[in-house]
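Chemist: Residue numbers (my numbering): 41 to 157.
1) With DSSP collapsed to three states, give me the class of residue 75.
2) Smallest Cα separation from residue 103: which of 114, 112, 113 and 122?
3) Apart from the five residues just before and just after residue 84, which ones in its own chain have a Cβ nearer than 8 angstroms to its Cβ?
4) Would you be able to state if there are at least three C-beta pairs under 8 angstroms between the segment 67 to 74 and the segment 103 to 116?
5) Do residue 76 and residue 127 have their C-beta atoms closer together than 8 angstroms?
6) Would you kindly report the start and end of the unbroken beta strand (DSSP E) that includes residue 129?
7) Closer than 8 angstroms by C-beta to residue 146: which residues in its own chain qualify, once you throw out the five before and the five after it? Chain order, please.
8) I think residue 152 touches residue 97, with their Cβ atoms under 8 angstroms apart; what is that distance to the nearest whole Å?
9) Around the Cβ of residue 125, are there at least 16 other Cβ atoms within 10 angstroms (buried) or fewer (exposed)?
10) Can you check which of these residues, 95, 132, 155 and 149, is closest to residue 81 by C-alpha distance?
11) Apart from the five residues on each side of it in sequence, which residues of its chain come closer than 8 angstroms, Cβ to Cβ, to residue 137?
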């Protein structure tokens with residue numbers, strides 16, 4: 041009797057779990073689209089090299105950390121971006137900082153605290 045009750049309970053638990061998982065998979069998945077106009081054209085012949093990190097602050101500003109390791113060939117026609125470039129949601133630059141000549145080229149990652157530091 042105990043095993044029969046235990047077996048029935050296990051089946052009901054499995055059925056409930058399966059229906060829960062099924063309902064989650066039936067929900068619409070987000071659809072992302074590429075915006076070819078984002079970001080806006082960069083000023084002063086700036087060029088990104090390897091990206092070391094991307095993060096978003098509480099104002100939805102997107103900060104990109106650049107390693108500034110452009111090639112010698114690229115240096116002939118372009119200028120490395122500052123190490124940190126911050127964009128608004130429209131792709132306009134709202135802030136930059138970091139001298140590419142001083143900041144190491146192995147910068148990795150970025151994050152903001154609750155005060156957007």
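Note that the Cβ used here is the ideal one computed from N, Cα and C, for glycine as well.
Modeler: On the basis of the coordinates in this document:
1) Note: residue 75 maps to coil in three-state DSSP.
2) The option with the nearest alpha carbon to residue 103 is 122.
3) Around residue 84: 119.
4) The segment 103 to 116 is not in contact with the segment 67 to 74.
5) Against a cut-off of 8 angstroms, the Cβ pair of residue 127 and residue 76 comes out as no contact.
6) Neither: residue 129 is in no beta strand (DSSP E) and is coded neither H nor E.
7) Beyond the five residues adjoining it in sequence on each side, residue 146 comes within less than 8 angstroms, by CB distance, of 92 and 107 in the same chain, given in chain order.
8) Between residue 97 and residue 152 the Cβ distance is about 5 angstroms, and since that is below 8 angstroms, they are a contact.
9) Residue 125 counts as buried, since at least 16 other C-beta atoms from the protein chains shown sit within 10 angstroms of its C-beta.
10) Measuring from the Cα of residue 81, the nearest candidate turns out to be 132.
11) 122, 123 and 124, listed in sequence order.
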